[in-house]
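Numbering (UniProt numbering), first residue to last: 1 to 268.
Written as structure tokens, this is what we have:
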């Protein structure tokens with residue numbers, strides 16, 4: 001009988017090479033699924049590694065940036081500029097505008113954008129009206145490390161709060177600058193404002209029509225007083241013409257339930 005196995009193994013020193021024909025993708029998926037189910041049945045636990053989740057979120061976001069031909073990213077609530085830096089490292093070469101009201105974070109952003117002429121930093125917050133507002137910095141520990149910051153007061157007690165008065169501007173007030181940077185802007189509006197995203201969108205005015213991709217942190221369990229529930233946030237974004245592309249878990253409660261999501265929405 002002239003029998004040839006479907007997969008031939010060739011040994012070269014310490015290496016093992018597999019020669020074609022290789023099992024097709026459907027077979028490999030079935031094998032992987034079977035092994036995974038058996039591992040779960042045996043009590044195996046797949047570690048919920050935050051760095052892996054962050055890479056997956058970044059990869060999915062970059063695919064949509066390319067698909068929608070985004071040429072301007074608005075990073076609202078930029079903190080120290082890590083998100084925009086990671087966007088650059090992931091291959092995005094278009095224009096970036098960061099909005100961060102806290103003066104203490106300005107040097108970190110300046111260091112990250114050093115030598116990048118297409119990254120523009122705005123030292124203000126965005127809202128639905130121009131003016132000033134008190135910005136709460138919730139601190140913890142003996143070293144006064146800032147862990148939460150918002151215009152809204154934190155629910156509950158037990159945390160010390162510092163207050164800084166910051167400048168607030170409407171997003172549509174930056175329209176002349178945006179037109180100068182990118183004449184035909186196809187915008188990705190990324191927001192991380194700890195409960196203030198709806199105000200940012202309200203201040204966008206007609207500029208919201210140029211937003212093709214939107215990211216907003218939505219709350220299942222409100223951390224701050226007056227924070228909008230995630231179902232209401234999603235409903236409002238849908239009314240503006242966006243449809244849900246992805247939901248990424250940001251934090252969970254100790255019992256495993258979701259505390260907040262990053263929602264990624266595209267104009268539909």
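From the three backbone atoms N, C-alpha and C, an ideal C-beta is built for every residue, glycine too.
By Cβ distance below 6 Å, which residues in the same chain neighbour residue i in space, the five residues on each side in sequence not counted?
i           : result
residue 2   : Unreliable positioning characterises residue 2 in this predicted model, as indicated by a pLDDT of 45, which lies under 50. The coordinate reading is nonetheless provided below. Result list for residue 2: empty, nothing under 6 Å.
residue 120 : 97
residue 112 : 81 and 85
residue 216 : 191, 197 and 263
residue 161 : 136 and 138
residue 150 : 136, 194, 195 and 224
residue 178 : 185
residue 202 : 128
residue 211 : 187 and 189
Am I right that residue i and residue j are in contact with their C-beta atoms under 8 Å? What's the rounded C-beta distance?
i           : j           : result
residue 70  : residue 94  : 6 Å
residue 57  : residue 248 : 5 Å
residue 167 : residue 101 : 7 Å
residue 204 : residue 172 : 6 Å
residue 245 : residue 74  : No, residue 245 and residue 74 are not in contact; Cβ-Cβ is about 17 Å, not under 8 Å.
residue 213 : residue 188 : 4 Å
residue 268 : residue 243 : 4 Å
What three-state label does DSSP hand residue i in the structure shown?
i           : result
residue 74  : strand
residue 97  : strand
residue 165 : strand
residue 173 : helix
residue 125 : strand
residue 245 : strand
residue 254 : coil
residue 231 : helix
residue 64  : helix
residue 36  : helix
residue 209 : helix
residue 120 : strand
residue 57  : helix
residue 262 : strand
residue 104 : helix
residue 89  : helix
residue 238 : helix
Counting only the same chain and skipping the five closest in sequence on each side, list residues whose C-beta sits under 8 Å from that of residue i.
i           : result
residue 5   : Per-residue confidence for residue 5 stands at a pLDDT of 48, beneath the threshold of 50, marking its modelled position as unreliable; no derived number is given.
residue 67  : none
residue 25  : none
residue 182 : 71, 72, 94 and 95
residue 250 : 217, 259, 260, 261 and 262
residue 35  : none
residue 53  : 248 and 249
In angstroms with no decimal places, state the Cα-to-Cα distance between residue i and residue j.
i           : j           : result
residue 200 : residue 129 : 9 Å
residue 258 : residue 229 : 13 Å
residue 138 : residue 42  : 43 Å
residue 170 : residue 51  : 34 Å
residue 88  : residue 239 : 31 Å
residue 328 : residue 237 : The structure shown does not extend to residue 328, since the chain spans only 1 to 268, so no value can be given for it.
residue 134 : residue 186 : 32 Å
residue 165 : residue 132 : 7 Å
residue 55  : residue 163 : 34 Å
residue 40  : residue 33  : 11 Å
residue 30  : residue 59  : 25 Å
residue 27  : residue 45  : 24 Å
residue 37  : residue 254 : 25 Å
residue 103 : residue 127 : 18 Å
residue 146 : residue 180 : Residue placement at residue 146 is poorly supported in this model, since its pLDDT is 47, which falls under 50; the coordinates still yield a value, given next. Their backbone Cα atoms lie some 35 Å apart in a straight line.
residue 76  : residue 125 : 8 Å
residue 256 : residue 241 : 32 Å
Might you give, ordered along the chain, the residues of its own chain that have their beta carbon closer than 7 Å to the beta carbon of residue i, omitting 5 neighbours on each side?
i           : result
residue 80  : 105, 108 and 109
residue 252 : 258 and 259
residue 209 : none
residue 78  : 84, 98, 99, 100 and 109
residue 174 : none
residue 61  : 264
residue 115 : none
Can you confirm whether the segment 249-265 touches the segment 221-240 when touching is taken to mean that 3 or more C-beta pairs between the two stretches lie within less than 8 Å?
yes
When the Cβ atoms of the segment 189-198 are set against those of the segment 210-223, are three or more pairs found closer than 8 Å?
The count of Cβ pairs closer than 8 Å, one atom from the segment 189-198 and one from the segment 210-223, reaches three, so the stretches are in contact.
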